[in-house]
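Remarks on the structure that follows.
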Amino acid sequence: MNMQSVLSSLEKTNLRYSMFNDFLKNGEQGNSKFLFSAKDNLTSKDFETCSGSRILEGYHPVFDATAIAKMREAGGKLIGKTNMDEFGFGTFSTNSGFGIPRNPFDLERSCGGSSGGSACAAAVLEDHVSLGVSTGGSICCPASFCGVYGIAPTYGRVSRYGLIDYGNSLDKVGLLSAKASDLSKYLPIISGIDEKDPTSCVQPKLDLKKEKIRNIAIPKEAIDGLSKDVMTAFQSSIDTLKGMDIDVKFIEMPALKYAMPAYYVLATSEASTNLARYVGMRYGHQDGDLSLKFDDYFTYFRSKYFGDEAKRRILLGTYTRMAGFRDRYYAKALNVRMYVINQYKQIFNEYDAVLTPTMPFVSPKFEDISKMTPVEAYKADYLTVPANLAGTPHLSVPCGYDGNGMPIGMQFVTDHWKEDLLLTMANEWDHTFDMKRAEVSL
Amino acid sequence: MKIGLEIHVQLPTRSKMFCSCPTTDADAPNTHVCPTCLGMPGSKPVLNKKVLEYGIKLAKMLGCTIADTTWFSRKTYFYPDMSKSVQITQYDNPIGYGGMYYLNGRTPIRITRIHLEEDPGKTKRVGELSSLIDYNRSGIPLAEIVTEPDLKTPAEAREFLGQLIQDIRHIIDLPGDGERSIRCDCNISMGIERCEVKNVTGLKNVERALTFEMVRQTKILKAGGKIDRETRRFDEERGVTISVRKKEFEADYGYIDEPDLGIYHVKELANSIKIKESPLNRSVRLSKEYGLDEKTAKQLIATSMELTDLFEEVAKATDVQTAKTWIAGVVSANWKAFECRCSEHLEQDSTRNGILEIICKYKAGEITDTECSLEIKAYMTGKDPESVQTESSDLDSIIGEFLIANPEIIEDYRKNDKAINKVIGYVMKRAGGTYSSTDVVCAAKKLLQEKI
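This is the structure in structure tokens:
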């Protein structure tokens with residue numbers, strides 16, 4: 000362990016990767032047992048918390064998010080708040096108001112999103128674990144693009160208190176790390192019911208010595224649209240799994256097709272109500288003409304400080320819950336969500352896990368991302384969204400590298416509260432898979 | 000004319016609806032606040048279950064159907080005193096719906112729904128360009144009762160509201176200052192389009208605002224004009240309503256389910272909650288069971304529920320006429336003094352039993368009615384019987400002499416019981432503050448009735 004060297008080089012490292020919004024400068028390790036970082040949408044007392052948005056610039060929360068408080072209680076030292084897409088809105092961490100985190104394997108490429116900074120920190124820093132948050136794939140996607148492990152637990156396993164909400168009924172706090180064993184080590188620490196968050200649940204304890212995954216289902220629908228490199232790496236990983244004595248079958252899972260539109264309707268409906276409180280009156284800084292009528296002032300402030308993607312999702316979410324459209328979009332999406340959950344439940348009657356690649360392609364270059372339409376970018380999440388919609392736990396593990404050395408990941412999904420199967424899987428896979436670390440040259 | 004009301008009742012919880020901040024009056028603005036009621040990013044609402052209980056009690060009182068499952072919604076609108084720009088309220092599946100409430104026990108007023116919601120903060124304008132906001136009220140629990148437009152006149156609306164408030168106060172033990180805890184939006188239409196007068200406080204103001212609207216709308220219609228559908232506010236000082244905004248459409252609040260709170264299965268809770276008999280139902284029952292006239296029944300209930308209990312006990316132990324004579328008479332007149340004297344024990348029947356015993360002695364012929372009256376008064380006020388007697392005989396003789404000197408009053412009283420005022424006026428003038436007004440009224444009534 001060389002925590003001191005991590006701390007002393009933090010400023011230089013961040014200059015290269017832009018992974019932190021706010022971090023410890025000239026830090027001392029003190030008597031902390033481990034270092035961790037947290038996504039910038041988890042509130043913390045000692046750092047500015049902006050959720051990647053200019054509208055919250057200068058905001059210093061008065062309380063710690065429960066997950067951060069628990070990590071601190073366990074002896075951890077919070078070293079910084081990691082960069083992210085504004086309020087979690089994105090797949091590439093390019094929508095941040097505070098610079099763009101860079102992929103440790105290729106600085107011209109994305110870290111993935113929206114927990115891009117967390118994945119980057121997990122890949123770059125020694126012995127590091129980072130708290131991430133997933134709404135539609137925001138842990139698995141960047142884990143896959145940065146070649147690290149990432150777990151998003153069952154909805155309700157980890158308290159959401161202190162999490163600046165995107166889609167409250169979908170948001171989950173999880174972990175990213177280059178070491179599979181860190182997931183088993185820290186997930187129990189941040190888990191548990193919290194009286195400050197009524198959606199946190201009474202839950203079965205994580206039993207890490209429990210049974211292993213014995214059989215896996217792969218939805219045929221998941222294979223469409225994969226890039227060649229991802230397909231190749233995924234196929235060879237299937238062979239590895241079979242070699243580990245795991246049964247692999249291809250199945251039909253039509254729900255995968257409907258998950259994406261339902262997700263965007265629900266997530267943006269909730270997001271548009273969550274973001275309504277940011278009007279330049281109560282948090283962060285203030286500017287502009289205070290003699291305006293309040294709604295004109297609010298409009299001015301929101302127009303100036305929300306990024307384009309936030310505005311797009313506010314408009315989309317406001318539209319889907321408007322009178323006259325509410326039944327057609329919002330209420331229907333709630334039904335689709337039940338359909339997706341039921342289909343997962345049926346599959347889990349027979350199989351321990353559902354397996355797909357995490358992302359359909361390796362991390363794209365920034366110049367290619369800038370050419371994507373919003374819908375093309377949304378579609379990139381089609382493999383990570385369904386499990387989020389169902390609230391089931393999921394895990395991304397690195398499973399290969401393309402010709403340029405860019406990492407590829409695959410994602411396991413298990414039934415609610417079966418994180419122990421995922422954690423066991425992660426540890427087993429770590430022993431089998433030859434993982435490459437990014438070259439860190441300063 | 001159609002009048003419908005939306006009545007906001009502040010629920011008497013000790014802590015706020017979604018956080019543990021106190022609901023009591025604060026010494027200074029923005030002191031009873033926390034991250035949750037200030038809407039700070041990352042804070043989460045945690046429901047105070049007491050709110051559901053109060054909601055169920057009110058829904059039962061209003062004869063509503065209570066949903067087996069209920070949940071909360073987000074209502075989005077931008078206003079400075081709304082800390083989250085989102086209000087947690089109920090939209091689908093409110094705690095109760097489809098009720099019926101009988102005005103005076105007779106006139107049916109349909110209740111559309113009753114739902115639970117949090118109060119926003121308070122805006123205070125200071126000068127031309129600034130406002131101050133106090134979030135102490137933010138998150139105080141409210142129940143909103145919505146009626147169908149079944150009320151026919153402003154006076155009826157006032158009567159309805161008065162009765163409803165009395166019932167509510169009794170059912171959920173609202174604190175004495177009921178005016179403060181009730182606010183009302185009044186909808187009124189003389190023709191087709193309706194106007195809504197927002198946030199009227201107090202019974203008198205509800206009647207005034209509605210009367211003003213009635214006159215205003217009638218004038219417009221008579222002149223062949225059209226009434227705009229709009230929101231108005233009531234200026235208490237000038238007694239007029241003023242247009243706030245014309246609305247061509249209903250505001251679109253974009254309701255979604257509140258994702259930070261779950262679904263509440265309240266069937267068992269609702270079954271386990273029994274409500275007390277409401278004052279209205281009690282007055283209806285008293286009329287039926289004891290043949291009591293409406294006025295006396297209401298007067299008993301308005302004085303005190305314990306007094307009404309005593310009436311029923313006495314009526315059962317003796318007979319209705321005896322109970323009426325004594326309870327509505329001397330006992331009622333001295334009730335406030337009795338309450339003050341034994342405020343801590345009034346709940347216990349043993350204190351009231353003393354009065355019952357005295358009346359029973361009278362009924363058995365052991366004491367005369369004068370003795371009975373004196374004993375009751377001495378018992379209730381805690382004075383010794385002799386001084387009560389002296390006082391009372393002095394009072395009686397003052398009135399007696401006056402009546403002898405002015406025999407026409409007795410004649411007047413036969414036709415009009417207001418004639419008693421002459422007697423009261425005389426005694427008050429002559430004796431100054433020696434006797435309490437209730438004593439004077441009581442004695443004058445007794446003597447006049449003896450003479451006619």
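First to last, the sequence lines map onto chains A and B. Numbering follows numbering that gives the first Met the number 0, in which position 94 of the first sequence is assigned residue number 93; successive positions increment by one, without gaps. Numbering follows numbering that gives the first Met the number 0, in which position 391 of the second sequence is assigned residue number 390; successive positions increment by one, without gaps. Quick reminder that beta carbons are idealized off the backbone N, C-alpha and C, glycines included.
- Taking 3 residues as the minimum length, the beta strand (DSSP E) runs contained wholly in the segment 93 to 176 of chain A are 105 to 109, 127 to 133, 148 to 151, 171 to 176, in order along the chain.
- Interface with chain A (8 Å Cβ-Cβ cutoff): F77 of chain B is included.
- Taken atom to atom, the span from the alpha-carbon of G306 of chain A to that of R53 of chain A is near 8 Å.
- V396 of chain A counts as buried, since at least 16 other C-beta atoms from the protein chains shown sit within 10 angstroms of its C-beta.
- Within chain B, the residues whose beta carbon sits less than 9 Å from that of I163 of chain A are P40, G41, listed in sequence order.
- Residue contact with chain A for R73 of chain B: present (Cβ-Cβ distance below 8 Å to some residue of chain A).
- According to the DSSP assignment, Y400 of chain A belongs to the beta strand (DSSP E) that extends over 393 to 400.
- Annotated three-state conformation of I132 of chain B is strand, per DSSP.
- By the criterion of at least three beta-carbon pairs nearer than 8 Å, the segment 18 to 27 of chain B is not in contact with the segment 58 to 73 of chain B.
- Put simply, the CB of L46 of chain B is near chain A, with a gap under 8 Å to one of its CB atoms.
- Rounded to whole angstroms, E206 of chain B and P174 of chain B show a C-alpha spacing of 23 Å.
- Restricting attention to A:Y16, A:L289, A:F22, A:M18, the CA atom closest to the CA of L6 of chain A is found in A:F22.
- Under a criterion of Cβ atoms nearer than 9 Å, the residues of chain B adjacent to L55 of chain A are, in order, P40.
- The C-beta of P34 of chain B comes closer than 8 Å to at least one C-beta of chain A.
- Looking at the backbone, the Cα of H7 of chain B and that of T64 of chain B are separated by about 19 Å.
- Around the CB of R320 of chain A, 16 or more other CB atoms lie within 10 Å, so the residue is classed as buried.
- In chain order, T272, N273, A275, R276 make up the part of chain A whose C-beta sits under 9 Å from the C-beta of V85 of chain B.
- In this structure, V132 of chain A places its C-beta atom within 8 Å of the C-beta atom of K38 of chain A.
- Using beta-carbon distances, G261 of chain B counts as an interface residue toward chain A, with a partner under 8 Å.
- Under the three-state reduction of DSSP, R53 of chain A is assigned to helix.
- Within the DSSP secondary-structure output, I65 of chain B pairs in a beta bridge with B:G95.
- Our two residues, A443 of chain B and F159 of chain B, have alpha carbons roughly 34 Å apart in a direct line.
- Out of A:P60, A:L9, A:V157, the CA that lies nearest to the CA of K44 of chain A is found in A:P60.
- Of all alpha-carbon atoms in A:E375, A:M259, A:A389, the one lying nearest the alpha-carbon of T413 of chain A is that of A:A389.
- A direct Cα-to-Cα measurement between Y78 of chain B and H430 of chain A gives close to 57 Å.
- The C-alpha of R311 of chain A is placed about 22 Å away from the C-alpha of D256 of chain B.
- Assignment of Y76 of chain B by DSSP, reduced to helix, strand and coil, places it in the coil class.
- With respect to the 8 Å criterion, S31 of chain A and G98 of chain A are not classified as neighbours on the basis of their beta carbons.
- Chain A has a Cβ within less than 8 Å of the Cβ of G253 of chain B.
- Not a single CB atom of chain A sits nearer than 8 Å to the CB of P107 of chain B.
- Look at L128 of chain B: its C-beta is under 8 Å from a C-beta on chain A.
- Residue pairing of P218 of chain A in beta bridges, as defined by DSSP: A:I250.
- For K221 of chain B, the enclosing alpha helix (DSSP H) has its first and last residue at 202 to 221.
- Interface annotation, P119 of chain B: not in contact with chain A, CB-CB separation never under 8 Å.
- Shown here, C36 of chain B sits in coil according to DSSP, grouped into three states, outside any helix or strand.
- As the crow flies, the alpha-carbon of K294 of chain B is around 14 Å from that of S303 of chain B.
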